[in-house]
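What follows is a short report on a single structure.
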Ligand code: RFL
Ligand code: PHB
């Protein structure tokens, strides 16, 4: 078998790249370790920047997003028992974000790919990128007990943080930067109306909480919890009671509870690999970097990486030029580090760090108060939250 680009991983990065390459006339095959149903069962991000929305439109997978996505022009910060609105729209000269679940983005991209009859091999095991430092890369994998091999021009490593692509690069060819946080987020999805029209980011002495949503009838809530907690430790009733304690009285009163459709804990981590290209293999999305979810940047960075990659490969095939390929890593990393900084900062500002003591907590409160009363500081938050421009 032969194709131009083998994409490893059918998460949002791999599926979006597949569409963008197809639109540019570049053949590609996607290899995914899990089943399509498993991929769709993972509940993750919910906030899209305009850049991600535009790329989904370019990929021809935005019909449902346009019909069902919820434009949000502001967010609320809750601290000291009061909510303060950050008017994203007016602070950024008219920009906003779109609330639309990663599950739905993935479903739409899978559907678009199926409609075009493009090949995705699900449940491909022992996927192995090979010879990517030379002119003739190959990818070997097993399907239904048989070993298969695909020859290609390029390999796109869109296989997430635990994928095989980054793991296949010799350690001395890359540098990794990592920060782990001493807590996780316990998420709960429920078919209940969201407590508030806009997202609430809450800083309290009991820990951080986030009130998000997927639609007018489906809510997604998160609680900061110790890393030692397990989802089984939290009954639905315990979750709702703790969320209520972290909200202001009005929101606590208005909160509608219901059975959890899903409950899971994600540890918080910042991680970056440099560079993001190794010969003819590129890393994109979580395969190359992780952000803590506080800034809602993980999925958006995955989208902008593959936007750059599709552009680089189009230039290669259309203009016979290596320029896009050679600048891919630096272009991505410049954007990645700004999102890493923002996500680290939002995480540091909003979470409870018991080991840091009272001084740290007072400085957090002072910064939050400064931020909501200073137009300059609010504008810096808003500019990053809606997403920096692509260069
Ligand atoms: P994904 O979505 O992890 O997809 C990678 C795909 O590659 C497959 N794969 C392999 N396939 C073949 N061979 C192998 N050896 C393979 N190894 C892995 C996997 O099965 C999978 O289908 O990465 P991608 O496409 O880069 O997308 C990135 C986003 O998913 C990610 O940035 C965000 O979801 C991060 N994230 C969140 N971001 C937010 O902005 N807000 C959130 O609330 C939020 N919650 C989360 C998250 C990430 C989580 N992870 C990674 C554990 C919650 C969790 C639990
Ligand atoms: C979500 O809806 O899952 C979500 C929203 C905003 C975040 C993180 C997660 O910052």
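In this note's numbering, the protein residues as written are -15 to 375. The C-beta atom is built at its ideal place from N, Cα and C for all residues, glycine as well.
Task: Of the listed residues 57, 160, 256, nearest to residue 377 (C-alpha basis) - done: Beyond the ends of the chain as shown, which are -15 and 375, falls residue 377; an answer cannot be given.
- [ ] Tell me whether the beta-carbon of residue 215 lies closer than 8 Å to the beta-carbon of residue 195.
- [x] Reading the chain shown from its first residue, position 231 is the one you call residue 215. Reading the chain shown from its first residue, position 211 is the one you call residue 195. No, they are not a contact pair.
Open item on the list: Within 10 Å of its beta-carbon, does residue 87 have 16 or more other beta-carbons around it, so buried, or fewer, so exposed?
Closed with: Looking up residue 87 in the chain shown gives position 103. So residue 87 counts as buried.
Task: Spatial distance of residue 75 from residue 149 (CA atoms) - done: Taking the first residue of the chain shown as position 1, residue 75 is located at position 91. Taking the first residue of the chain shown as position 1, residue 149 is located at position 165. Answer to the nearest angstrom: the Cα atoms are 40 Å apart.
Task: Whole beta strand (DSSP E) elements within the segment 200 to 269, 3-residue minimum - done: 203 to 209, 244 to 258, 265 to 267
TODO: Take the Cβ of residue 186 as the centre, count every other Cβ of all protein chains shown within 10 Å, and call the residue buried at 16 or more, exposed below.
DONE: Within the chain shown, numbered from 1, the residue matching residue 186 stands at position 202. By the neighbour-count rule (16 or more Cβ atoms within 10 Å), residue 186 is buried.
Open item on the list: I'd like to confirm the pairing. Which residues does DSSP put opposite residue 3 in its beta bridges?
Closed with: Stepping through the chain shown from its first residue, residue 3 is reached at position 19. Its beta-bridge partners do not exist; DSSP assigns none.
Task: Option nearest residue 144 by Cα separation, candidates 201, 71, 266 - done: Looking up residue 144 in the chain shown gives position 160. With distances taken between Cα atoms, residue 144 lies closest to 266.
Open item on the list: In the DSSP output, which residue or residues are listed as bridge partners for residue 355?
Closed with: Along the chain shown, read from residue 1 onward, the residue named residue 355 stands at position 371. Paired residue(s): none; residue 355 is not in a bridge.
Task: Exposure of residue 155, with buried meaning 16 or more beta-carbon neighbours within 10 Å - done: Translated into the one-based positions of the chain shown, residue 155 becomes position 171. The residue in question, residue 155, is exposed, as its Cβ has fewer than 16 Cβ neighbours within 10 Å.
Open item on the list: Less than 8 Å between C-beta atoms, sequence neighbours within five positions excluded: which residues of the same chain meet that for residue 78?
Closed with: The residue given as residue 78 occupies position 94 in the chain shown. Counting only Cβ-Cβ distances below 8 Å, and skipping sequence neighbours, we find nothing.
Task: Three-way DSSP call (helix, strand, coil) for residue 373 in this model - done: Counting from one through the chain shown, the residue named residue 373 turns up at place 389. It is coil, neither helix nor strand.
Open item on the list: Using a Cβ distance threshold of 8 Å, determine whether the segment 271 to 280 contacts the segment 224 to 244, with at least three qualifying pairs required.
Closed with: no
- [ ] Return yes when at least one heavy atom of the ligand PHB lies under 7 Å from the C-beta of residue -10, else no.
- [x] In the chain shown, the residue the question calls residue -10 occupies position 6. The answer is no for residue -10.
Open item on the list: If I measure Cβ to Cβ from residue 95 and keep anything under 8 Å in the same chain, skipping five residues before and after, which residues do I get?
Closed with: Residue 95 sits at position 111 when you count from the first residue of the chain shown. Same-chain partners within the cutoff: 45.
Task: residue 165 in three-state terms, based on DSSP - done: On the chain shown, residue 165 is found 181 positions in, with the first residue counted as 1. The answer is strand: DSSP assigns residue 165 an E or B state.
Open item on the list: What residue range does the beta strand (DSSP E) around residue 141 cover?
Closed with: Taking the first residue of the chain shown as position 1, residue 141 is located at position 157. Unbroken beta strand (DSSP E) run through residue 141: 138 to 141.
- [ ] Output the residue ranges of the alpha helix (DSSP H) runs that lie fully inside the segment -3 to 62 and measure 4 residues or longer, sorted by chain position.
- [x] 20 to 25, 34 to 42, 47 to 52
- [ ] Could you check what DSSP says for residue 95 in three-state terms: helix, strand or coil?
- [x] Locating residue 95 in the chain shown gives position 111, counting from the first residue. In this structure, residue 95 counts as helix in the three-state DSSP scheme.
Task: Residues of its chain near residue -4, where Cβ-Cβ distance is below 8 Å and the 5 sequence neighbours each way are ignored - done: The residue you call residue -4 lines up with position 12 of the chain shown. Cβ neighbours of residue -4 beyond the five flanking positions: 86, 89, 90, 93, 269, 283, 286, 287.
Open item on the list: Which residue wins for smallest C-alpha separation from residue 9, given the options 322, 299, 305?
Closed with: Indexing the chain shown from 1 puts residue 9 at position 25. Comparing Cα positions, the closest option is 299.
Open item on the list: Our contact map puts residue 336 next to residue 138 with C-beta atoms below 8 Å; I'd like the distance itself, whole angstroms only.
Closed with: The residue you call residue 336 lines up with position 352 of the chain shown. The residue you call residue 138 lines up with position 154 of the chain shown. Actually they are not in contact, since the Cβ atoms of residue 336 and residue 138 sit about 45 Å apart, beyond 8 Å.
- [ ] Would you identify the three-state DSSP class for residue 80, choosing helix, strand or coil?
- [x] As a position in the chain shown, residue 80 is number 96, starting the count at 1. If DSSP states are grouped into helix, strand and coil, residue 80 belongs with coil.
Open item on the list: Whole angstroms are fine: how far does the CA of residue 69 sit from the CA of residue 332?
Closed with: Along the chain shown, read from residue 1 onward, the residue named residue 332 stands at position 348. Along the chain shown, read from residue 1 onward, the residue named residue 69 stands at position 85. Cα to Cα, residue 332 sits roughly 20 Å from residue 69.
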